[in-house]
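K.L.:
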Amino acid sequence: MPAKDSNDDPVLSQSLSVPLLISTLILMLTLVWSLYDEIYSMRPWKDYQQRFATAYLGFLERLRPEQAVREDTIKQSAAYQELQQNYEQAQQAAQEKYQALTRQMTQGVLPRIDVVRNAFQVLKSEADALTYQLETAGSDSAKQSLQEDISEIKARVVELELPKDDGSGETEHVSMSYTELETEGARLRDLRADLQRQQVAVQSPVTAAQQSREAYLQDQLYGLTPAQLDGVIARTKNFDIGIKQIHLADIDLVDRCESCHLGIREPVTIGKADLGEAVFAGHPDPDLFQIHDPEQFGCTSCHNGNGRATRSITKAHGRHKFWLWPMYQPENVEAGCHQCHSREVVTEGAEVLNAGKDLFLNKGCWGCHRFEGFDRESEELNAVRQQMKINRDEHVANEKERRRNLELGDAASENDVAQGFYGRGEALRLRNAKLDAELSALQLEEKSVSREVKKFGPSLKEARVKLRKEWIPVWVSNPHEFRPGTKMPVFRLNEDEVRAISAYVWQSGIPGTLEQHPAGNAERGQELFETRGCMACHSMGEGDTKQGGDFAANLTRVGEKTSYNFLVRWIHNPRELTPDPAAPADEIRPTPIMPNLRLSFEEARDIASYLSARRTDAAYPAADFMDDPALAQEGMTLVRHYGCSGCHEIKGMENEGRIGTELTQEGSKPVERLDFALFTHEAEGEGWYNHKGFFEHKLKDPAFFDEGKVREHLEQLRMPNFHLSDQEINSLTTFLLGSVQTQFPVTYRFEPEDSRADVQEGWWLVQRYNCNGCHQIRPGDVTSLMNVPRYKDPEWVEQLPPQLYTEGARVQPDWLVDFLTNPALSETDIHRNGVRQYLQARMPTFYLSERQVGKLMRFFMARSSQPHPFIPEDIQPLTEQEQTLARVLFTGNAAPCLKCHMTGDPARDRTATAPNFLIASERLKADWTYRWMLEPAKIAPGTAMPSELFRQEGDRWVFNGNLPAMFNSYQGDHAQLLVRYMLLITPEEVRRLRGSGVQ
Amino acid sequence: MLEKTTYRKVLVLSTIALFVFALGCGGGREETAATPEEKAAPAAASFTVDPATAATVTGMIAFEGTPPKAPPLNMSAEPDCAKLHGAPVFPDQVVVNDGKLANVFVWVKSGLEGKTFAPSSEPVHLDQKGCLYQPHVLGIQTNQPLSVTNSDSFTHNVHPLPTTNREFNKSQSAGAAPVEHAFPRQELKIAVKCNVHPWMRSYINVVDHPFFAVTAADGSFTIKGLPPGTYTIEAVHESLGNKEASVTVGDAESKAVDFSFTG
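Listed in order, the protein sequences are those of chains D and Z. The numbering of the first sequence is this note's numbering, which starts it at 1 and goes up by one. The numbering of the second sequence is this note's numbering, which starts it at 1000 and goes up by one.
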């Protein structure tokens, strides 16, 4: 081994300076990097803000000259010039007076006030000092002397050089005492106030002219004025880079979304492409901010996502597995509305959500899945019965307590103690009297509500009298094959199950007999079917030839399944049910939704004949097995298993519960509790391991999550397939995503107690009975009838049922109650419309309960913001002369009122095309009638009633046409005159009209 | 050896550090700014047809078969109207003279794409006379003024029922000023009705160029001033449907295009 050379000692022989230098450099670099990361990488929003400031400034500077040109064009317009001239004239007119007032103020009153105030202050402070000494002085003599000093000051007279108060600029020499100075001061202050008032009064026409000029400019110019834009530009130039956040302490919400979404609330409308990046776009619906101020609601409260996160888009939007509530996708964005709008079935502006709720209601989802608020009638009935029980229990307890008090009173040794017990006993008796009153009101309500209870599907108790026996197994095995798009879903049944269920359905039907009807005229029946309004709910034809509404069944093949005599009974009166001799006397049977169109038997037979012929020549195999009682017994178990009684009234299963899971808060269910079965990993990999993914897959194919599972047939997922379209799936998914347990306190939720609650409540009935099938209620509504080709024809367009946009403003509430109860407005002449007898389509009788009628009436009144209760305005009676004038105008050739409107004269009314004047006084509200006559198109677009029947002349409206000479001296409003005439019309006047040979 | 290893380690470490650093730098921006969309091109200038090259399309519309026999109009609801006509009035839905069809709207359906034509300021007239519209069918350019007059001694209302354009319904008493309107959007067969006299019917055809005509009583039509080119000509009848034909016209050429409808 060679001797160790000391030079080989690395400590001595080698320098580590290079590695150290490099390490130091790396350390330095790492430091720089970490600082960079800290300042920039972890704060990507800084970069966003810089980009936004630049792009926005550029955008504004492009916009400004465009707006300036627009503003200039408006300023050049004649209307603006006139306003400008008005302004200048007003200014000129006011100038002299205003200047005089200003002169008097600045040269006279104000300087004089100064001098007087100063002089007075000197004396007053001297006197005040002495007064203090007087109050604290010890001896009477000192007090005496101080008192004299004060009197001396108050008597002192000062010499002053005062400016005159008339504004002449001159001064005057005055001598004044303490008291005189005080009085003069007060007088001058009054004078100053008076002058200020005068200044304002003189200036007010100028201010008004200026305001109307500015208002015109604002009105004509869309968007911001150049001056306003300058403000925004200045603000953008000084853009302050920093976290923008909303903090709502009461719900512990911190939203920093606006750190990147910088244009979301800007006063300028920013489109997705305007700033080059969609992230800077303005909110697509800025009107929403009017009622949902972001400072009060934040962002994530509606949109979900992680409002605190600022490091990346993924984190902020919560689109990763560690954030439970990812931001809603654009197609589901309305899910966010439901948590606060959960009481509503129609939320203004949330059309996807509304569609989802409508599907949930009208595809019968609530038959299996409880969802708070959807089975309204049953829930209300339960609530009423619960209240009745509470009342009864209290009644019994009170009675017992009363007896005890009376006994204690009897046994008391002292009189006043006995009186106390008797008093309490008496109070309890009175309390029970009040409970009796409440109870009888509740009993009425119970009766009313129990009439409303409905099942979603048709009653299977009618199966025997209604259905063709062989058809039942065909239908049960695959209803969508027989009737594509039907609401009845396809169950996963095997052949044996189909046979057993069919047998049970058939054998559990009430055996009954139907009245036998002769055949009707099918051709006339078709015309009636297409014009009476059946197609508002029912459709006919399949695929491209389909016409009519989707609310009720498609009747293309109804002739194959339903017996003719049943159809006649059903069409004539859907409330006529086959009596069940075996049923308990107090049985409440669910009532059908189908209303009564008040058709004659002849019409019912015609329609039934037409419908019976709607059939194909499909062959139905014989089904003798359906009479096998043992098979029916098996079927009963299956009917229970598949939850058929959720939608159908089935004998022996009247009180079955629901078989599905409750969905009221399904959107809040932890995702682990949604059974992805064997798809968990796949879903995670493909990015749909979330609520949205689960709902969409489940709705598309309810059996999906059974795939790959080894299960007994009856243990498989039971949910049937509704064959929903992608759009329907999206609506329902939106609704379910939004069905969460809200974190918001009640103040955030839309649960009004005022008339807005009436609107919420009313929509449930509108949706339940498909009022929208015939009537437009919201602007933009398209009814089922409007889509039927016949009604697009110019001959037929005015046969559409009336629009109800302003129904509450139009009709009197009491009348509306009568009409909804009995749309024929007659007990005897029922085969007609009460108001529009010329319409082929008939307003049906819905057999609404008193409660429902009240709800609908309040709904319409609330939608039109009508005060409640309604107090009709006094209509000034017509003078003799006015009566004559009105009659002449009404019946003359110039005003064609009677060419279209009914008058109750049967011969004439045959060709009428507008409602009866005779019922106007009980039906219409005067102010609405007036507005209607002036501009009907504003109230009902497309109406047959023409506009411009009147023209404005000064403050009044006069008839726009040739008038008889007798009108020359009449100075009143012609439209008002006609309103008064119509609303005060008497039977005598009507006879007189007819007598005068009115056409 | 130590030396080499150290250097290598340092090298590797620093490379990694630089790499990561570079990544860190590069990853700062997650989205690249898209270029702002180009501004929409300003509305194209109106096209002017050179009169020297302008072509003409003429034609005749024939009707084969028996014209449907409609019952006379029932004017009993307005006796004043009935009085104006000595004989019963028949609806002018299918008007056939000598096998030729009147009241057919003929227009250039396609071939003019990309060209815009300034609307004529000349108003098109529609008159109400004897409880009938005159003419029964008319063509009008988009934004060209329509002037509706009332020559009767009683009140009518003018109520077009468009589906694309905006609807209106105005009362017009005898001797009142004309109802003026312009339709901003192309739309064929806008029915016009009078709610007071339900039998009155007229059809307005709104087209975004001036190349259209309505057949006269003898079934003839002429479309003048067309720029040379290939066009689809369509004949539109209110109840008999539509027919199409293709035509190519050269400079100052005149060609005939005939149509035939069957009843």
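Glycine is no exception: its CB is placed at the ideal position from the N, C-alpha and C atoms.
Output the distance between the C-alpha atoms of Pro-1035/Z and Leu-275/D, rounded to the nearest integer angstrom.
P.N.:
Legend: pLDDT at Pro-1035/Z = 39, less than 50; position of this residue unreliable, value from coordinates given subsequently. Looking at the two C-alpha atoms, the distance is approximately 6 Å.
K.L.:
Nearest by alpha-carbon distance to Ala-1051/Z: which of Asp-1257/Z, Val-1256/Z and Glu-1252/Z is it?
P.N.:
Minimum Cα distance to Ala-1051/Z is reached at Glu-1252/Z.
K.L.:
Since I believe Gly-364/D is in contact with Gly-485/D (beta carbons under 8 Å), could you give me their beta-carbon distance rounded to a whole number of angstroms?
P.N.:
With a Cβ gap of about 14 Å, Gly-485/D and Gly-364/D do not count as contacting.
K.L.:
Is the separation between the beta-carbon of Arg-492/D and that of Gln-716/D shorter than 9 Å?
P.N.:
yes
K.L.:
Using a Cβ cut-off of 9 Å (strictly closer), state whether His-1158/Z contacts chain D.
P.N.:
Yes, contact with chain D.
K.L.:
Output needed for Ser-668/D: all residues of its chain with C-beta closer than 7 Å, excluding positions within five of it in sequence on either side, in chain order.
P.N.:
Val-740 and Gln-741
K.L.:
Just reading off the beta strand (DSSP E) that Leu-1187/Z is part of, what are its end residues?
P.N.:
1186 to 1192
K.L.:
Which residues, in order along the stretch 897 to 917 of chain D, keep a beta-carbon less than 8 Å from a beta-carbon of chain Z?
P.N.:
Lys-899, Cys-900, Thr-911 and Thr-913
K.L.:
Measure the C-alpha to C-alpha separation of Arg-468/D and Lys-561/D and round it to an integer number of angstroms.
P.N.:
Inter-residue distance for Arg-468/D and Lys-561/D is about 5 Å (C-alpha atoms, whole angstroms).
K.L.:
Go ahead and label Val-11/D buried or exposed: buried means 16 or more other beta carbons lie within 10 angstroms of its beta carbon, across all protein chains shown.
P.N.:
exposed
K.L.:
Please name the residue in Ala-281/D, Val-333/D, Phe-322/D and Gly-282/D whose C-alpha comes closest to that of Cys-302/D.
P.N.:
Val-333/D
K.L.:
In whole angstroms, what separates the C-alpha of Ala-433/D from that of Ala-412/D?
P.N.:
27 Å
K.L.:
Quick one: what's got a C-beta closer than 8 Å to Ser-1109/Z's C-beta in the same chain, skipping five residues either side?
P.N.:
Tyr-1230 and Thr-1231
K.L.:
Counting only beta-carbon separations shorter than 9 Å, does Lys-1169/Z have a partner in chain D?
P.N.:
yes
K.L.:
Please confirm if Ala-1117/Z has its CB atom under 9 Å from at least one CB of chain D.
P.N.:
no
K.L.:
Three or more C-beta pairs closer than 8 Å, one from the stretch 783 to 800 of chain D and one from the stretch 853 to 860 of chain D: is that the case here?
P.N.:
Too few Cβ pairs lie closer than 8 Å, so no.
K.L.:
Give the interface partners of Lys-1192/Z over in chain D, defined as CB-CB distance under 8 Å, in chain order.
P.N.:
Pro-794
K.L.:
Along the chain, where does the beta strand (DSSP E) containing Lys-1169/Z start, and where does it finish?
P.N.:
1169 to 1171
K.L.:
Unbroken beta strand (DSSP E) runs of length 3 or more, entirely within the stretch 389 to 435 of chain D: which are they?
P.N.:
none
K.L.:
DSSP has Tyr-1230/Z in a bridge; who is on the other side?
P.N.:
Val-1246/Z
K.L.:
Taking Cβ to Cβ, would you say Ile-588/D is nearer than 9 Å to Ser-450/D?
P.N.:
yes
K.L.:
Taking the straight line between their C-alpha atoms, what separation do you get for Asp-1257/Z and Gly-1240/Z?
P.N.:
15 Å
K.L.:
Can you name the residues that DSSP bridges to Val-1157/Z?
P.N.:
Lys-1169/Z
K.L.:
To the nearest angstrom, how far is it from the Cα of Pro-877/D to the Cα of Thr-903/D?
P.N.:
21 Å
K.L.:
Can you tell which of Ser-342/D, Ser-864/D, Glu-71/D and Leu-35/D has the C-alpha that lies nearest to the C-alpha of Gln-812/D?
P.N.:
Ser-864/D
K.L.:
If you measure between the beta carbons of Ile-251/D and Arg-192/D, is that distance less than 9 Å?
P.N.:
no
K.L.:
Along chain D, in chain order, which residues have C-beta atoms closer than 9 Å to that of Glu-1166/Z?
P.N.:
Ala-937, Pro-941 and Gly-942
K.L.:
With Leu-359/D as the anchor, note down where its beta strand (DSSP E) starts and where it stops.
P.N.:
Element bounds for Leu-359/D: not the beta strand (DSSP E) but the alpha helix (DSSP H), 351 to 362.
K.L.:
Within 10 angstroms of its Cβ, does Phe-1089/Z collect 16 or more other Cβ (buried), or is it exposed?
P.N.:
exposed
K.L.:
Could you pull the DSSP bridge partners for Pro-163/D from this structure?
P.N.:
Thr-171/D
K.L.:
Our contact map puts Phe-1046/Z next to Gly-1098/Z with C-beta atoms below 8 Å; I'd like the distance itself, whole angstroms only.
P.N.:
Taking a contact as a CB-CB distance under 8 Å, the pair Phe-1046/Z and Gly-1098/Z does not count as one, their CB atoms being some 38 Å apart.
K.L.:
Is Glu-1077/Z close to chain D, meaning its C-beta is less than 9 Å from at least one C-beta of that chain?
P.N.:
yes
K.L.:
Within 9 Å (strictly less), CB to CB, does Pro-1067/Z reach chain D?
P.N.:
It does not: the Cβ of Pro-1067/Z has no partner Cβ on chain D nearer than 9 Å.
K.L.:
Quick one: is Gly-808/D buried, meaning 16 or more other Cβ sit within 10 Å of its Cβ, or exposed?
P.N.:
Only buried fits Gly-808/D, as 16 or more other CB atoms lie within 10 angstroms of its CB.
K.L.:
Whose C-alpha, out of Glu-159/D, Glu-152/D, Gln-84/D and Leu-134/D, is nearest the C-alpha of Val-115/D?
P.N.:
Glu-159/D
K.L.:
Quick one: which unbroken alpha helix (DSSP H) runs of 4-plus residues sit fully inside the stretch 897 to 977 of chain D? Chain order, please.
P.N.:
897 to 900, 906 to 909, 920 to 923, 926 to 934 and 936 to 939
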